[in-house]
Amino acid sequence: MNRLSFDTINETLYEETLSNGLRVYLLPKEGFSKTYATFTTHYGSIDNHFQVQGGEEVQVPDGIAHFLEHKMFEKKEGDVFQEFSRNGASANAFTTFDRTSYLFSATDKLEENLTLLLDFVQEPYFTEKTVEKEKGIIEQEIRMYDDNPDFLVYANLLEGMFHEHPVRIKIAGTVESIQKITDKMLYSCYEHFYHPANMILFVVGGFEKELIFELIHHNQNEKHFKEFRPIERYYPYEPASIKQKITEMEMPVGNHKLLIGFKEKENGLTGVDLLIRELTTQIALDVLFSQSSELYQTLYDKGLIGEDFGADYSGEFTYGYSIVGGDTPDPDRLLDLILKELERIRQNGTSPEQFERSKKKKAGRFLKSLNSLEFIASQYTRFMFNEIHFFEIPNQLETIQLSQINQRIVEHFDPDQMALSIIRPKK
Amino acid sequence: LGVHSESFESIPMGEGMQLHICSTNKFKTIVIQVHLAIPLERNTVTMGALLPNVLKRGSKDYSSELKLRQKLDDLYGATLEVDTMKKGENLVMAFRMEIALERFLRNSTDLFAEAVRLLSSILLHPNKQQDGFSENVLTIEKENLQKRIDAMIDDKMRYANIRTAEEMCAGEPYALTTLGYKEDLAGITPEKLYSFYQQVIEGAFIDLYVVGEVEADAVKDRCALLFPPRTQATLFKRKPPVDRQVEQTRTVVEQLEVSQGKLHLGFRTHIRYQDEDYFPLLLFNGVYGGFPNSRLFIHVREKESLAYYSVSRLESLKGLMIVMSGIEVSNYEKAKEIILKQWEDIKAGNITDRELEQTKAMIVNQMKELSDTPYSMIDYHYNSLLGNRMLSILEYIEMVQGVRKDQVIDASRKIELDLIYFLRNREVESA
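One line per chain: the protein sequences are G and P, in this order. Residue 390 in the numbering used here sits at position 390 of the first sequence, with consecutive numbering throughout. Residue 730 in the numbering used here sits at position 303 of the second sequence, with consecutive numbering throughout.
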């Protein structure tokens, strides 16, 4: 195993790629009682059209990656939660646009729990009958999101920003789309995307690394996997422009909700380039919209925003966007003031003081994030699928110059790339 | 047992005031948290919701929130958050700060000292104008609070919880929501809020927490003079939470435009954290609906596919248990029946050894994980303080391990169903 030291943050990571292609990362954290492990496939809701070398081209119903996540917990003997509970471990899973993660956290019986995690994810067991039965549960999950205005205002914005890219589709799909899912389709997705070579195992917490490495080796060597055939993922042609300027909806909510999206014009970045784009965009958003920006305080004093107002960036290999907004009594006026400030800052740039402050803040907040084992595991995995180490952030952050931020502001906050999503209170 | 022995050293700082320090080097930040607790009462609850938000808008040293926020950023992104919480029948105003450890940064200023200074400035040196707070700041914060009250319906699960407490505990302090009430806003003047602020500073029970890489002695010195000395006479009087027997289970149905029904069941447990049978109750809640191996998960979700979530939660300071599920409106009767049938089944004495052991293992794990985040450590300690029972994590685990099946069954028989609350869609009128 490879030892990687990140001295400035006092972290040491151990990594190895096994012969079956599985990438394993261990991060021992002294003093922690619990160990948190995630087993993640590079397969999310956007991977709905694909083909393996020599195989057929497949297009699957919306929500299938998430559906598969649910069904993986089923075992011949019942559901796997029962087994984890016996070891006092809490297990869970989540599906994003790009990944599906299975996880547990435990303070005891680490070996049993880790074996259980590896085994349940690598041995699917579900039938036509149990797949049908799951539809009722997932339908209620979807209805729960359908009643959540903060989720909807976000989902509507993505639909407005993207013409064709599957990031515009809700991760869980719809009540209608999941009806089309069959056990055969689920097995087919499983076969394609759950090969160890498409997966990352990340273990962080208070454990003995040698023991854990040995266990993982042993567990994986006992299993037989077909040779990995690279997967071709097809994404439809996505124009750089936004699809629809404004999406509006009425719901029983207390206040108007306004989200403003800025869609990335160019994609295809990985590694350091992707990270730098992310860091520069986050600093730009911070300078513009955080509580320590003049704009935020002005909007707050005018009663146009509350503490829920915020901004966030998402950027992956095939798509990217920023989202800004929150609850407001007057979406038009809020938008108007934000646009004026954007115009001003695009012309004048931000100040060196504001930039330095924001960089300092980012450095401190990065340290804060290292207290969370969950955050480390999820972000590390995400960055490794994008071919860069999460712990590179402090060093890369140091390299960022004011000119990069100002350039990014001009390029990213282009009014032509802007889409709006509004939810209005229904009386 | 593999538990790291982080614990708090508690130091009295004067009447009704304590400092709790946990010195540990496993985190990369230091957390400072101040709790100001007063009795939960109708006539002060709205001011309790407003006050922390007014205080965080600035102070004598920071004439605007912009200046304050920029100072926090200069301290390497120190965070400052305020909150008003309901803990049993206490209203707790919380101020949280988190600061990075300078040894990981290119920095030589004492960030902790700066943070304490800043917190002290916010709490004790507010921006006073004439006899009260700034009129402008108060106006904005009132508007903001009103918007937050209006937005209560946005999150349906939270809304159903607020309504369940309101209906079930009508007439008791616990019925109050810590968001406060719109009709109070007009009557809250800058002077009135300021006088409330003075009462809080002189009379609230104050607990100051520090968790992280700190020298206990240095913290004591720095925090000793944070709050002015007080006298017993000005302290708020503590009252035990109200409990009452259930005469008849009530049903409340409320209609809103929703896609999913929220079925919440409110139980009186008559058992609080300090009571002897608390641990059997804790085990009952775990077997019934606390975890993914519990009855509600298995029967409501897995066997019948009625819900995505169906869980039960204890309110240990008040003595309540709330069951929450999101279901298809037409499945109301069926879901209710299954939820109640599982309770009946346990009352009848049916708990397997495996269920009990799994539940114990899950609770033990939760307890051991506590010391891995500063906030959960503080939360556990503070609940213990308010609950008048201070157990170390190891003692707590021993209590859990010692619970017998018959005790769990006894606890299940003691609790009473008080309220069934159902949030459903509007009826479609048939032609």
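Ideal Cβ positions, reconstructed from N, Cα and C, are used throughout, including at glycine.
Per-residue burial, residue i [other beta carbons within 10 Å of its own, 16 or more giving buried]
i        : result
P/Ser857 : Its pLDDT being 49, under 50, P/Ser857 is placed unreliably by the model, and nothing is read from it.
G/His218 : exposed
G/Tyr234 : exposed
P/Met817 : exposed
P/His447 : buried
G/Leu211 : exposed
P/Pro801 : buried
G/Val272 : exposed
G/Lys226 : exposed
P/Val638 : buried
P/Asn452 : exposed
G/Thr328 : buried
P/Gln659 : exposed
G/Asn156 : buried
G/Glu294 : exposed
P/Val738 : buried
P/Val791 : buried
G/Ser19  : exposed
P/Ser535 : exposed
P/Ala527 : buried
P/Val922 : Any property of residue 922 of chain P remains undetermined from this structure, which presents chain P solely from 428 to 858.
G/Ser290 : buried
P/Asn588 : buried
Cutoff 7 Å; reference residue i; Cβ partners in own chain excluding five residues on either side
i        : result
G/Phe245 : A quick correction: the sequence has Lys, not Phe, at residue 245 of chain G. These residues qualify, in order along the chain: Ala419 and Leu420.
P/Leu565 : Val481, Pro617 and Leu620
G/Pro394 : Thr8, Ile9, Ala363 and Phe366
G/Val167 : Ile46, Phe97, Leu158 and Tyr319
P/Leu603 : Leu467, Arg469 and Val472
G/Ile345 : Leu288 and Ile409
P/Cys596 : Ala602
G/Thr95  : Gly44, Ser45, Ala65, His66, Glu69 and Ile171
P/Thr661 : Glu629 and Gly630
6 Å Cβ shell around residue i - same chain, five flanking residues per side excluded
i        : result
P/Thr506 : Glu525
P/Ile805 : Gln460 and Tyr636
P/Leu653 : Ser547
G/Asn48  : Val60 and Pro166
G/Phe202 : Tyr25, Thr38, Ala377, Tyr380 and Thr381
G/Gly349 : Asn406
P/Leu733 : Val727, Ile754, Asn758 and Ala762
G/Leu68  : Leu186 and Cys189
G/Lys76  : Tyr125
G/Val80  : Phe73 and Phe120
Proximal residues to residue i (C-beta, below 8 Å), its chain only, five neighbours per side dropped
i        : result
P/Leu428 : Confidence is the limiting factor: at P/Leu428 the pLDDT is only 43, short of 50, which leaves the residue's position unreliable and the question unanswerable from this model.
P/Pro479 : Val509, Asp510, Thr511, Met520, Ala521 and Phe522
P/Glu854 : Gln682
P/Gly829 : Phe706
P/Lys832 : Ile778, Asp780 and Leu783
P/Val387 : Absent from the model: residue 387 of chain P. The displayed extent of chain P is 428 to 858, so no value can be given.
G/Glu447 : Past the boundaries of the shown model lies residue 447 of chain G; chain G is included only from 1 to 427, so the question cannot be answered.
G/Ala215 : The sequence given here has Leu at residue 215 of chain G, not Ala. The answer, listed in chain order, is Glu111, Leu114 and Thr115.
Cβ separation of residue i and residue j, assumed to be a contact under 8 Å, to the nearest whole Å
i        : j        : result
G/His412 : G/Ala284 : 7 Å
P/Lys498 : P/Asn554 : Between P/Asn554 and P/Lys498 the Cβ distance is about 15 Å, and since that is not below 8 Å, they are no contact.
P/Lys664 : P/Gly515 : Between P/Gly515 and P/Lys664 the Cβ distance is about 15 Å, and since that is not below 8 Å, they are no contact.
P/Ile567 : P/Lys483 : Contact flag wrong, Cβ pair sits at about 12 Å.
Distance cut-off 6 Å: residue i Cβ against heavy atoms of the ligand FAD
i        : result
P/Tyr715 : With respect to small molecules bound, the structure shown includes none, and the ligand FAD cannot be examined in it.
Interface residues of the stretch 711-725 of chain P facing chain G [CB-CB below 7 Å]: Phe718, Pro719 and Asn720
Looking at chain P, which residues of the stretch 236-265 of chain G have a Cβ within less than 8 Å of any of its Cβ atoms? Met251, Pro252, Val253, Gly254 and Asn255
At a cut of 8 Å, does the stretch 756-770 of chain P reach the stretch 830-850 of chain P through at least three beta carbon pairs? yes
May I ask you to list, following chain order, the residues of the stretch 464-488 of chain P that have a beta carbon less than 8 Å from some beta carbon of chain G? none
Using Cβ-Cβ distances below 8 Å, what residues of the stretch 370-381 of chain G are close to chain P? Leu370, Asn371, Ser372 and Leu373
Which residues, taken in chain order from the stretch 105-131 of chain G, show a beta carbon closer than 8 Å to some beta carbon of chain P? Ser105, Ala106, Thr107 and Asp108
Using Cβ-Cβ distances below 8 Å, what residues of the stretch 619-641 of chain P are close to chain G? none
Between the stretch 803-820 of chain P and chain G, which residues of the former have CB atoms less than 8 Å from a CB of the latter, in chain order? none
Do the stretch 581-588 of chain P and the stretch 717-727 of chain P meet, that is, are 3 or more Cβ pairs less than 8 Å apart? no
Should the stretch 292-308 of chain G be called in touch with the stretch 261-271 of chain G, which here means at least 3 C-beta pairs below 8 Å? no
Can you pull out the residues from the stretch 445-456 of chain P whose beta carbon lies closer than 8 Å to at least one beta carbon of chain G? Thr451, Asn452, Lys453, Phe454, Lys455 and Thr456
Along the stretch 150-176 of chain G, where does the CB come closer than 8 Å to a CB of chain P? Name the residues. Asp150
Residues in the stretch 739-758 of chain P with C-beta within 8 Å of chain G's C-beta atoms, listed in sequence order? Gly753, Ile754 and Glu755
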